[in-house]
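Peer 1:
There are 2 protein chains.
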Amino acid sequence: MNTAYHHGNLRQALLDRATETVSEKGVEGLSLRGLARDLGVSHAAPLRHFATKAELLNAIAVEGVGSLIEATGGVDAHPSGVARLRAMVLAYVDWAIANSELHHILRNPDVMRHASDDLTALLATFADRQRQEIKAAQESDWRTDTDPEVLFLHLVSLTAGTAIVTTEEIYKRRVAAPETRSKVEASIDLFLG
Amino acid sequence: MNTAYHHGNLRQALLDRATETVSEKGVEGLSLRGLARDLGVSHAAPLRHFATKAELLNAIAVEGVGSLIEATGGVDAHPSGVARLRAMVLAYVDWAIANSELHHILRNPDVMRHASDDLTALLATFADRQRQEIKAAQESDWRTDTDPEVLFLHLVSLTAGTAIVTTEEIYKRRVAAPETRSKVEASIDLFLG
DNA sequence: TTTAGGATGTTGTCAATGTCTACATAGGTC
DNA sequence: GACCTATGTAGACATTGACAACATCCTAAA
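Line by line, the protein sequences give chains A and B.
Residue numbers for the first sequence follow our numbering, beginning at 20 and rising by one.
Residue numbers for the second sequence follow our numbering, beginning at 20 and rising by one.
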């Protein structure tokens, strides 16, 4: 039960604290030793759970994508294909806003550079879901004359782009405030409406 | 005349080599000392030009945005507002594909975190240009019934998203290949058409 | 109940790195 | 020809990622 030795649950504590630190000070600002200090363990303790810094970042990303998939999963209640698509995009953006630290980590090339098989598999799962929703929407008579792959490209671009623009500091200030959320909906509806 | 001391033009050499290194090994993989070794100068020589690693990365980003602005600048020849908008978006995406290293650097939170005033000013310039093109397009009768700020949000999201999706390893494989370029055009036209 | 073995932490160590300080030299200016 | 500044060098230090050797707790098999 909640086993573990001196600490209790070091692995999860590392993940949590690391997520905070990265969102505050970036990947550069994250150090395994600093993490160990924060949690009151010895400098090498983290290595028992993550052999390398990249491995830790990757684990955070896995958690993140899992959370994203979960957040965009409660979509099945909606009837029409387009409504589901819309709900999914908005759920994505809302998730990115609510979990901007995780979202930033997923966007960080230095994290994705070392993506594990687990992680890429999860991302593939999510992409499949998007493709599937496109198909369903087309079957319910939405943009039936357009190449599904073009719609997919558009969806992914727009979704990722919107999440970034509403989330990253550099854009946030310049774009869409105030009333960001309602503008996001209007923007999405340019595609889905 | 190509002045300078032992090296010749260390500053530019640092920028160039650093850009290469970052695109190969990421920001984490970039080290000032490694850079110095590559260029055959002493370990502290780079500090004469960039007091800190962040400063170097920032300088690269400034170069990058400058190049982007230049690349999207040859747009004025086009007549209609929408055609100009279209040309600008495609120029952006093409630039991102042709200069994916620079594009990645601009997308890296660890770079943007330390953005200088110069850099943010350049980015603001680019954003202004985008806003202006939207206005021109609306004046030539494109989507006149839509809030310009919503169009701006949509444009920025779609542009950034498309560049990312066609450029970053994780997406590239899964989206739009083959014939990426023609799909990109088709996707953009869903918005501009 | 004891005990072997794995999981988890600790301490010690090493090379590499960012950054600082003190020193050297080249080139242009008065 | 004597300075001054830009540029580069040499040395030093704290921090870091990573490895190895050792310690301790926990569990399951005997």
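All residues carry an ideal CB built from backbone N, CA and C; glycine is no exception.
1. Which whole-angstrom value is the C-beta distance of Arg30 of chain B and Asp57 of chain B, which I expect to be below 8 Å?
2. On a CA-only basis, which of A:Val81, A:Leu104 and A:Thr139 is nearest Asp208 of chain A? Give me that one, please.
3. Any Cβ of chain B within less than 8 Å of the Cβ of Asp166 of chain A?
4. Which residues in the same chain have their Cβ closer than 7 Å to the Cβ of Val112 of chain A, if we skip the five residues on either side of it in sequence?
5. In terms of residue numbering, what span does the alpha helix (DSSP H) encompassing Phe210 of chain B cover?
6. Starting from the C-beta of Ser206 of chain A, find all residues in its chain whose C-beta is less than 7 Å away, skip the five residues before and the five after it, and write them out in chain order.
7. Output needed for Ser159 of chain B: all residues of its chain with C-beta closer than 7 Å, excluding positions within five of it in sequence on either side, in chain order.
8. Sort A:Leu87, A:His97, A:Arg67 and A:Ala155 by Cα distance to Leu141 of chain A and report the nearest one.
9. When the Cα atoms are used, what is the spatial distance from Val60 of chain B to Ala146 of chain B?
10. Within 10 Å of its beta-carbon, does Ala117 of chain A have 16 or more other beta-carbons around it, so buried, or fewer, so exposed?
11. What residues of chain A sit near Met10 of chain B, judged by a beta carbon separation below 9 Å?
12. Sorted by chain position, which residues of the same chain lie with C-beta nearer than 6 Å to Asp129 of chain A's C-beta, five sequence neighbours on each side aside?
13. Can you tell me whether Pro197 of chain B is buried or exposed, with buried defined as 16 or more other CB within 10 angstroms of its CB?
14. Would you mind stating whether Leu138 of chain B and Ala80 of chain B have Cβ atoms separated by less than 8 Å?
15. Taking C-beta pairs closer than 8 Å, name the residues in chain B that Arg126 of chain A reaches, listed in chain order.
16. Looking at chain A, which residues of the region 80 to 96 of chain B have a Cβ within less than 7 Å of any of its Cβ atoms?
17. Exposed or buried, what is Asn77 of chain A when buried is set at 16 or more other beta-carbons lying within 10 Å of its beta-carbon?
18. As an exercise, report each continuous alpha helix (DSSP H) stretch of at least 4 residues that is fully enclosed by the region 61 to 113 of chain A, in chain order.
19. Please report whether the beta-carbon of Glu47 of chain A lies at a distance below 8 Å from any beta-carbon of chain B.
20. With 8 Å set as the bound, which would you pick, yes or no: does the beta-carbon of Ile183 of chain B sit closer than that to a beta-carbon of chain A?
21. Measure the C-alpha to C-alpha separation of Val84 of chain B and His173 of chain A and round it to an integer number of angstroms.
22. Given that Ala134 of chain B touches chain A, what residues does it touch there, using C-beta distances under 8 Å?
23. Between Gln151 of chain A and Pro167 of chain A, is the Cβ-Cβ spacing less than 8 Å?
24. Can you tell me the Cα-Cα spacing of Ala73 of chain B and Arg200 of chain B, whole angstroms?
25. Is the CB of Leu29 of chain B under 8 Å away from at least one CB in chain A?
26. Taking the straight line between their C-alpha atoms, what separation do you get for Val194 of chain A and Val169 of chain B?
27. Use the C-beta contact count for Thr22 of chain A: other C-beta atoms within 10 angstroms, 16 or more gives buried, fewer gives exposed.
28. Is it true that the CB of Tyr190 of chain B sits closer than 8 Å to the CB of Val108 of chain A?
29. If we count the other Cβ atoms within 10 Å of its Cβ and call it buried at 16 or more, is Arg126 of chain A buried or exposed?
30. Report the rounded CA-to-CA distance for Arg132 of chain B versus Ala96 of chain A, giving the unit in angstroms.
31. Would a check of beta-carbon distances place Ser50 of chain A closer than 8 Å to chain B?
32. Would you tell me roughly how many angstroms separate the C-alpha atoms of Met20 of chain B and His26 of chain B, rounded to the nearest one?
33. Report the residue from B:Phe69, B:Ala90 and B:Leu121 whose alpha carbon sits nearest the alpha carbon of Ala106 of chain B.
34. Closest to Leu66 of chain A by C-alpha separation, out of A:Val41, A:Leu33 and A:Thr40, would be which residue?
35. Does the beta carbon of Ser206 of chain B sit closer than 8 Å to a beta carbon anywhere in chain A?
Peer 2: This is what the structure gives:
1. The pair is not a contact, with the Cβ atoms about 15 Å apart (cut-off 8 Å).
2. A:Leu104
3. yes
4. Once the five neighbours on either side are set aside, the close Cβ partners of Val112 of chain A are Thr181, Ala182, Thr185 and Val203.
5. Thr199 to Leu211
6. Thr181
7. Ser99, Gly100 and Val101
8. A:Leu87
9. 39 Å
10. exposed
11. Beyond the ends of chain B as shown, which are 20 and 212, falls residue 10 of chain B; an answer cannot be given.
12. Excluding sequence neighbours, Asp129 of chain A sits near Val46.
13. exposed
14. yes
15. Arg126 and Pro128
16. none
17. A buried status is given to Asn77 of chain A, since no fewer than 16 other beta-carbon atoms sit within 10 Å of its beta-carbon.
18. 72 to 90
19. yes
20. yes
21. 24 Å
22. Ile189
23. no
24. 34 Å
25. no
26. 9 Å
27. Summary for Thr22 of chain A: the model assigns pLDDT 40, below 50, so the residue's position carries little reliability, and this model does not support an answer.
28. no
29. With 16 or more other Cβ atoms from the protein chains shown falling within 10 Å of its own Cβ, Arg126 of chain A counts as buried.
30. 40 Å
31. Residue contact check for Ser50 of chain A against chain B: no CB pair falls below 8 Å.
32. Bear in mind that the predicted position of Met20 of chain B carries a pLDDT of just 37, short of 50, making it too unreliable to give a figure here.
33. Selected option, being the one with the closest Cα: B:Ala90.
34. A:Leu33
35. Cβ-Cβ to chain A under 8 Å: yes for Ser206 of chain B.
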